[in-house]
Structure formats: C-alpha cells, structure tokens
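Q: So that we are looking at the same thing, I have put the structure below in structure tokens.
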Amino acid sequence: MTATAHTEALLEALRRNLHVLGELAVRYEVETEPGRADGGPSITGPEDVRKLLGEEMGSLCQEQVRVLLLDRRNRVVGQRVIYQGNCYSSVIRPAEVLRPAVLEGVPHLI
Numbered sequence: 015m016t017a018t019a020h021t022e023a024l025l026e027a028l029r030r031n032l033h034v035l036g037e038l039a040v041r042y043e044v045e046t047e048p049g050r051a052d053g054g055p056s057i058t059g060p061e062d063v064r065k066l067l068g069e070e071m072g073s074l075c076q077e078q079v080r081v082l083l084l085d086r087r088n089r090v091v092g093q094r095v096i097y098q099g100n101c102y103s104s105v106i107r108p109a110e111v112l113r114p115a116v117l118e119g120v121p122h123l124i
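Okay, structure coming up:
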C-alpha cells in the first residue's frame, strides 16, 4: 500500500469518526435539553398545532417548513426549522424531514 493510499484511508476513517462524534453530540444535547424529561404541550389534533405555532408562523415573512418532535404520549419535545424558503418555492427531500426524529430518537413527528 502506498503512502497516498494510507493517507486516504486515514482521512476516510477520520471523516467517519467525526460524523459519529457529531451524531453523539446531537443525541447528548437532546437528552440533556431542559424540559425534555417532562415533555411539552400535548398534541391531540390540528387545533393544538395551530395554538402552538399559528401566531408565530402566521407572521413570518418567508415560508418555513418545520417539524414538531413528539414523544410516545404526543407531547412536544422539540421543534426544528427544516427549510426556510424564498418568495418562489420551497424544495426539500423527505429524508430532511425525517432526520431530526431519527437523530433524536422520537417516535412521532408532525
């Protein structure tokens, strides 16, 4: 194996380790987030979402795609802005919507 090949292999291993470290940091932050243990408001239907986000999102100047993260009892444990659009369109991939729920280990999202 050449020195270049060794260097490339080491760099690839470093990239993988940094990615894993980043994922662990996100999980730690979520688990130690204040209010995470007791959960937030409970969501039982569309009206609850409107009460929670309606006023804030209604006053936005730009379109936003947000995800509400819910625990097993449908209590809000987090909220993430997935995309902030422009005045013409908002294009996102389904994986971008699901990613916060997967990383934070929550069973439900809106």
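Numbering-wise, the numbering used here puts 74 at position 60 of the sequence shown, and it's gapless, one number per residue. C-beta atoms are modelled at their ideal positions from N, C-alpha and C, and glycine is treated no differently. Every value quoted in this text rests on a predicted model; they were computed, and no experiment measured them.
1) According to the neighbour-count rule (16 or more other Cβ atoms, all chains shown, within 10 Å of its Cβ), is Ile118 buried or exposed?
2) Arg113 by DSSP, collapsed to three states: which one?
3) To the nearest angstrom, report how far apart Val120 and Arg87 are at their CA atoms.
4) For Gln93, write down the residues that DSSP places opposite it in a beta bridge.
5) Could you tell me how far apart the beta carbons of Ile106 and Val79 are, in whole angstroms, since I believe they sit closer than 8 angstroms?
A: Put simply:
1) Residue 118 sits at position 104 when you count from the first residue of the sequence shown. According to the sequence as given, residue 118 is Glu; it is not Ile. Result: buried.
2) Sequence index remark: in the sequence shown, residue 113 carries index 99 (1-based). Here Arg113 sits in helix by DSSP.
3) For this step, residue 120 is matched to residue 106 along the sequence shown. For this step, residue 87 is matched to residue 73 along the sequence shown. Distance between the alpha carbons of Val120 and Arg87: 11 angstroms.
4) As a first step, residue 93 must be located in the sequence shown, where it is residue number 79. According to DSSP, Gln93 bridges with Leu82.
5) Position 92 of the sequence shown, counted from the start, is the residue given in the question as residue 106. Position 65 of the sequence shown, counted from the start, is the residue given in the question as residue 79. Indeed, because the Cβ distance is near 6 angstroms, the residues count as touching under 8 angstroms.
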